[in-house]
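Mapping the sequence shown onto the numbering used here, position 60 (from 1) lands on 60, and the numbers just tick up by one.
We put the beta carbon where it would ideally sit given N, CA and C, even for glycine.
These numbers were taken from a predicted model, which means no experiment stands behind them.
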Amino acid sequence: MTQVDFYILKEQAKANRYMLACRLVEKIYHQGRRVFIHTVSNEEARHMDRLLWTFRQGSFVPHAQLQDANSAVTPVIIGCGGDAVEESDVLINLTTDVPNFFSRFERVAEVIDKEPELKTAGRERFRFYRDRGYPLNTHEIS
């Protein structure tokens, strides 16, 4: 059964959810796992693509956007809409909805920041997973 982890940025945190997602992706990549980053739009996917190249000095996370990726050799893929790659281990969800394909992944990382509408949508997703019996963890990030 898919494990769901909520990563919640505390009010005083200086980072935003995109930077937190980059940190998570880097950590997951170094564990040898494959990641799919699910975004709301092509624009947000491009934003994540740029951030993964620049978010931390000396960091290297091989990645590509879904339409440009060779999923057999690319460990981190960024996409939007209803598409996802089959062979990823971890889904990082940056949307406000539960993706209909989430259960194909071993783990789901839900990234929440201080924006009120994102917090509200995050609570709804938490209830969705909880009500269906998925194992949940919550991590508060400073």
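Beta-carbon proximity of residue i to residue j, cut-off 8 Å
{"i": "leucine 66", "j": "valine 25", "result": "no"}
{"i": "phenylalanine 55", "j": "threonine 138", "result": "no"}
{"i": "proline 135", "j": "valine 4", "result": "yes"}
N-terminal and C-terminal residue of the alpha helix (DSSP H) that residue i is part of
{"i": "threonine 54", "result": "42 to 54"}
{"i": "aspartate 131", "result": "116 to 131"}
{"i": "arginine 107", "result": "Careful: arginine 107 lies outside any alpha helix (DSSP H), inside the beta strand (DSSP E) at 107 to 112."}
{"i": "glutamate 140", "result": "From DSSP, glutamate 140 is part of no alpha helix (DSSP H) but of the beta strand (DSSP E) over 136 to 141."}
Close Cβ partners of residue i (< 7 Å) along its chain, the five nearest in sequence each way excluded
{"i": "serine 59", "result": "Glu26"}
{"i": "valine 61", "result": "Val25, Glu26, Tyr29, Leu52, Val76"}
{"i": "alanine 45", "result": "Thr39, Gln65, Ile78, Gly79, Cys80"}
{"i": "asparagine 16", "result": "Asp113"}
Residues near residue i by beta carbon distance below 8 Å, same chain, minus five either side
{"i": "histidine 38", "result": "Gly79, Cys80, Ala84, Leu91, Ile92, Asn93, Leu94, Thr95, Pro99"}
Through-space distance from residue j to residue i, alpha-carbon basis
{"i": "alanine 109", "j": "threonine 2", "result": "10 Å"}
{"i": "arginine 132", "j": "isoleucine 112", "result": "21 Å"}
{"i": "methionine 19", "j": "alanine 121", "result": "19 Å"}
{"i": "arginine 127", "j": "serine 103", "result": "16 Å"}
{"i": "valine 35", "j": "phenylalanine 105", "result": "9 Å"}
{"i": "glutamate 87", "j": "alanine 21", "result": "20 Å"}
{"i": "asparagine 143", "j": "lysine 10", "result": "With the chain running from 1 to 142 in the structure shown, residue 143 is simply not present."}
{"i": "arginine 130", "j": "methionine 48", "result": "28 Å"}
{"i": "arginine 107", "j": "arginine 125", "result": "15 Å"}
{"i": "arginine 33", "j": "glutamine 12", "result": "30 Å"}
Limits of the beta strand (DSSP E) - the one that residue i falls within
{"i": "alanine 64", "result": "63 to 65"}
{"i": "valine 25", "result": "Segment 17 to 30 is the alpha helix (DSSP H) holding valine 25; no beta strand (DSSP E) there."}
{"i": "phenylalanine 6", "result": "3 to 9"}
{"i": "valine 76", "result": "76 to 80"}
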